[in-house]
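Worksheet: one structure, shown below.
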Amino acid sequence: MSLKQIASSCEALMRSRYSAYCLADTTYLVTTLHASEHTPDTAAEITAFANSVHFCRLNIKSVSQTAQHGQVSFAAYFLHEQKLDVIEEVSDFIYEGRWYYKHGQLKKTDPIKIGRNDLCPCGSGKKFKQCAIHQLSGQLTDKAFPPL
1 MSLKQIASSC EALMRSRYSA YCLADTTYLV TTLHASEHTP DTAAEITAFA NSVHFCRLNI
61 KSVSQTAQHG QVSFAAYFLH EQKLDVIEEV SDFIYEGRWY YKHGQLKKTD PIKIGRNDLC
121 PCGSGKKFKQ CAIHQLSGQL TDKAFPPL
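Counting in our numbering, the sequence shown runs from 1 upward without gaps.
Next comes the structure, spelled out in structure tokens:
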């Protein structure tokens with residue numbers, strides 16, 4: 001699904017929003033955020049976060065959906081300041097002619113320091129110090145994504 005298509009389910013919207021964070025596509029992220037959640041700083045906050053990290057992996061843990069509401073439990077892994085961090089969240093979605101992200105309940109996790117000689121968590125198979133694909137997510141190109 002491209003970011004130009006409308007998500008057919010809350011899980012599809014969750015996956016497309018993750019991709020939008022990888023590309024720092026603030027416009028898409030704001031468009032798919034329910035209007036009740038918008039603040040004057042929403043776009044700036046999204047842009048600042050997406051441009052400061054390198055996303056590595058998304059793990060969808062569970063999905064439940066009715067005609068009007070959905071929930072997706074996920075873990076999104078990213079690199080920030082030579083640490084592997086994770087956003088673990090149960091996200092709430094609402095259907096109003098299309099799916100929107102409403103809000104989420106975060107689970108606090110501690111970042112893991114990555115040693116120079118540790119294997120890179122991106123899955124490249126290289127040592128972290130030798131892995132060259134860690135551009136910030138907003139600067140990624142198709143060639144920068146490692147195979148999953």
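Glycine included, C-beta positions come from ideal geometry on N, C-alpha and C. A quick note: this is a predicted structure, and the numbers were derived from the prediction, not measured.
DSSP-derived helix/strand/coil call for residue i
i      : result
Cys10  : helix
Lys126 : coil
Tyr18  : helix
Residue i versus the options, residue with shortest Cα-Cα distance
i      : options                     : result
Glu81  : Ser9, Gly115, Thr42, Tyr21  : Gly115
Lys61  : Asp41, Ala35, Val90, Ser52  : Val90
Asp25  : Pro40, Ala7, Ser36, Ala48   : Ala48
Thr109 : Phe93, Met14, Gly97, Val86  : Val86
Tyr18  : Leu58, Pro40, His103        : Leu58
Leu106 : Ser52, Val72, Thr42         : Val72
Cys120 : Tyr95, Lys83, Gln5, Trp99   : Lys83
Glu96  : Cys56, His69, Ser124        : His69
Glu11  : Pro40, Thr39, Asp92, His54  : Asp92
His38  : Phe74, His103, Val63, Phe78 : His103
Chain D contact for residue i (CB, 8 Å cutoff)
i     : result
Ser91 : Looking at the structure shown, chain D is missing, and only one protein chain is on hand.
Per DSSP, the bridge partner or partners of residue i
i      : result
His103 : Asp92
Leu33  : Tyr101
Ile87  : Ala76
Lys113 : Lys83
Leu23  : Leu23 is not bridged to any residue.
Sequence ranges, alpha helix (DSSP H) only - wholly within the region 37-85, length at least 4: 42-50
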